[in-house]
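What follows is a short report on a single structure.
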Amino acid sequence: MSTYQSSPPVNSLVLYKVRPARVVSVGEKIEIELDGGNKRVRPKDVELLHPGPLHRLADLAPQEGELHAAWELLEGSETNLKDLAELAFDAFTPATAWAAWQLVSEGLIFNGTPAQIQARPREAVERDRAEREAKAAEERDWQAFLERMAAAAPAPEDRDRLREVERLAHGQSEHSRILAALGHQQTPENAHRALVQVGYWHATHNPYPTRCGVPTRDPDLSVPALIEEERLDLTHLAAYAIDDEGNQDPDDAISVDGDRLWVHVADVAALIDAESEIEREARARGANLYLPEGVVNMLPANVTDQLGLGLQPISPALSFGMLCDAQGELLDIQVHRTWVRVERLSYDWVEERLDEGPFAAIRALVEPFRARRHADGATGLDLPEVSIRVEDGRVRIRQLPRLGSRAMVTDAMLMAGVAAGRFCLERGIPIPYATQALPDGLDTATDLAAMYARRRRFKPTRLTGTPDLHAGLGLPIYTRATSPLRRYSDLLVHQQIRAELTGRPGLSEEEVTARVAQAEVAAASVRRGERLSNQHWKHVFLRENQEWRGDGVVVDCDERKVTVLIPDLALEARVRSRDAPGLNERLRLTVTEVDVPALTSGFRILG
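Structure (structure tokens):
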């Protein structure tokens, strides 16, 4: 086709990228007119479509022609732009050249270059047309879906699509095409917000256990029957499992036998062998997951049914017996597999009877131990604690009082932990010991602000193969041994002690270390899931009670805001203050805004 040349003439029609252009002048560079202004380009940047003359781009009007008929005549052969324009429009003008090229550029029935155009075979055309129509229908469906999302009015068939957003909200992916199309930043918080807005999630939905990667159902594994073995019969001793009202997994109890304190612990290792599938599942979970809406157990429910102290008339236990002298030193430590008869009591019930009968005796036995711990630097941080429960769809938050009964049980359990640690150390039994380094600064914390500051300096408790100081507890040797139904490291200690008591080989130090490391990774995720879930439900409570009023105690200050602890909620918040309140000053607060997905609530100082 002779009209195609390297230097297109003035007023010719050329193709610049995908746009039509008119040549204004020709020199070392070519000046072209585009819709929107002129531009200077290199000759190789344009391709001649028609030699002209073309005086205005506006003359490139749509054309009526026989394009489909031209394709039917040319199917399977080649042509050029001039011949195609003449066949389809009976003329080769700038306008018909542009109309023909637009058809070629669509790539459906024709494709190629201006000089070499292929009329595509019918089979390929029909296949591509069907694909394009399907794609167009898909795009129409997509746009309709986005319109429903923007209007917060999803259709039932949208649920499958919204699983993409749910994966982002659960932290299982980093991208969501839907959120991006709606103009939202792709974050778990925004995904959470969007799912609530369109009704896919209930407004109170708690995403944090799944987001933290922890199981949300109890393990479904068969549990073996309890083996028959020789046990010390302690059923003649009154044993008390003292816990919060409604507790469902009682795994420790206390007895007094003269001057001897007994701490009985559910004998979980009697059912869970160190090489069993249940043990591997417990190790992978690390601990029970305690949520305001319920408990997810690390062990099958049948384990608790069989071994929970007081759930059966007589319970098997691993019992730690000890004497405690006036200086708080534990003496004559004994560890036995036992039978015990346990009565279940609540902290509140025992609190009213601390000066009576067996409870007064228990207090007398643990008091020297407590005194020694505090003399050795144990830190008692009296920071607010609350119980959060979701009952019948409502969030109930109750501040936990400082009870003498709770402190008494805590000290008895610590005594058992010391006894277990010493028993294993003296016999060379590898177990995980709980240690905690001294915090920076040893100032006495007597007020809330000082306790808040000291807690921030605490170092985390670590599980190690060598006993060392646990600074927060004031104990030179300690292991966790009283919650084997709830915590894997306690179960591992029990398995090692049971191996010693039965004369079987236990795990090596390397095996213990490896198992503890695996379980602690899982337990850290459990703790994070619990912490974030508690925060979630606190903010749900505030959103549902926006008339809330309460006190906040100033625990930290900077130039613009103060940090307050809200005792009724055990919640930390940053509040803007015009004045300069002092540490420990009480401020009357009201809630101003709540963003549950972001785990934030705003507060304003009243008066």
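In UniProt numbering, the protein residues as written are 1 to 607.
Just so you know, even glycine gets a beta-carbon here, dropped at the ideal spot from N, CA and C.
None of these values were measured; they are calculated from a predicted model.
>> The beta strand (DSSP E) that contains D83, what's its start and end?
In response: Here D83 belongs to no beta strand (DSSP E); instead the alpha helix (DSSP H) covers 81-89.
> Rounded to the nearest angstrom, how far is the Cβ of M408 from that of R363, given a contact under 8 Å?
Replying inline: That belief holds up - the Cβ atoms of M408 and R363 are roughly 5 Å apart, short of 8 Å.
>> Just to confirm before moving on: does the CB-CB distance between R152 and Q197 stay below 8 Å?
In response: Rather than Arg, the amino acid found at residue 152 in this sequence is Ala. Yes.
> How close, in whole Å, do the beta carbons of P358 and V256 come, if the pair is a contact with beta carbons under 8 Å?
Replying inline: 6 Å
> How many Å lie between P224 and R486 at the Cα?
Replying inline: Straight-line measurement puts the Cα of R486 at about 19 Å from the Cα of P224.
> Can you name, in chain order, every residue of its own chain whose Cβ lies under 8 Å from the Cβ of V526, other than the five neighbours on each side?
Replying inline: C212, V214, R285, G286, A287, N288, L289
> Just the Cα atoms here: how many angstroms apart are residue 636 and E157?
Replying inline: There is simply no residue 636 to check, as the chain begins at 1 and stops at 607 in what is shown.
>> Give me, in chain order, the residues of the same chain whose beta-carbon lies closer than 7 Å to that of M451; leave out the 5 immediate sequence neighbours on both sides.
In response: L381, D382, L383, A445
> Which first and last residues belong to the beta strand (DSSP E) in which residue 670 is found?
Replying inline: Because the chain spans 1 through 607 in this model, residue 670 falls outside it and cannot be assessed.
> When you compare each of Y347, R177, C424 to I333 by their alpha carbons, which one comes out closest?
Replying inline: Comparing Cα-Cα distances from I333 to each of Y347, R177, C424, the minimum goes to C424.
> Under a Cβ-count criterion, where at least 16 other Cβ atoms within 10 Å of its own Cβ denotes burial, should A169 be classed as buried or exposed?
Replying inline: That one is buried.
> Rounded to a whole number of angstroms, what is the C-alpha to C-alpha distance between Y4 and E126?
Replying inline: For Y4, the pLDDT reaches just 42, beneath the cut-off of 50, and the residue's location in the model is therefore unreliable, leaving the point undetermined.
>> If you reduce the DSSP assignment to three classes, tell me which class Y347 lands in.
In response: Y347 sits in a helix when the DSSP states are folded into three classes.
> From what residue to what residue does the beta strand (DSSP E) around D490 run?
Replying inline: Counting along the chain, D490 falls outside any beta strand (DSSP E), though it belongs to the alpha helix (DSSP H) covering 488-502.
> According to DSSP, is Y452 helix, strand or coil?
Replying inline: helix
> Going by the CB atoms, is the gap between I242 and S405 shorter than 8 Å?
Replying inline: Yes. Within cutoff.
> Just checking my contact of A481 with D490 at CB under 8 Å: how many whole Å lie between their CB atoms?
Replying inline: 6 Å
> So R604 is in the beta strand (DSSP E); what residue range does that whole segment cover?
Replying inline: Taken as a continuous stretch (DSSP letters only), the beta strand (DSSP E) holding R604 covers 600-605.
> Sorted by chain position, which residues of the same chain lie with C-beta nearer than 7 Å to A522's C-beta, five sequence neighbours on each side aside?
Replying inline: A284, R285, G286
> If Y433 sits next to L469, beta carbons under 8 Å apart, how far is it from one beta carbon to the other, in whole angstroms?
Replying inline: Going by Cβ atoms, the distance from Y433 to L469 rounds to 10 Å, so no, they are not a contact pair.
>> Once DSSP output is grouped into helix, strand and coil, what is the label at T410?
In response: Three-state DSSP puts T410 in a helix.
> So is H68 buried or exposed if we call it buried at 16+ other beta carbons inside 10 Å?
Replying inline: Exposed, because fewer than 16 other Cβ atoms sit within 10 Å of the Cβ of H68.
> Helix or strand or just coil, what does DSSP make of A419?
Replying inline: helix
>> Could you tell me which whole alpha helix (DSSP H) segments of length 4 or greater appear in the segment 115-151?
In response: DSSP runs (the alpha helix (DSSP H)) wholly in the segment 115-151: 122-150.
> T590: which of T479, D551, G308 sits nearest, CA to CA?
Replying inline: D551
> Is it the case that the Cβ atoms of E78 and I117 are separated by a distance below 8 Å?
Replying inline: yes
> Secondary structure at W537, three-state DSSP: helix, strand or coil?
Replying inline: helix
>> Rounding to the nearest angstrom, what Cα-Cα distance links E75 and L87 in this structure?
In response: 13 Å
>> If you measure between the beta carbons of D267 and R337, is that distance less than 8 Å?
In response: Yes, these two residues count as a Cβ contact at 8 Å.
> For V104, which three-state DSSP category applies?
Replying inline: helix
>> When you compare the segment 581-590 with the segment 534-552, are there three or more beta-carbon pairs, one atom per stretch, that lie closer than 8 Å?
In response: yes
> Looking only at its own chain, which residues have a Cβ that is under 6 Å from the Cβ of P209, when we skip the five neighbours before and after it?
Replying inline: T216, G529
> Taking buried to mean at least 16 other C-beta atoms within 10 Å of its own C-beta, is S25 buried or exposed?
Replying inline: By the Cβ neighbour-count rule, S25 is exposed, with fewer than 16 other Cβ atoms within 10 Å of its own.
> Which of helix, strand or coil does DSSP assign to T96?
Replying inline: helix
> DSSP state of E593, grouped into three classes?
Replying inline: strand
> Of all the options L57, A180, A115, which has the alpha carbon lying nearest to the alpha carbon of L146?
Replying inline: Ranking the options by Cα distance to L146, first place goes to A180.
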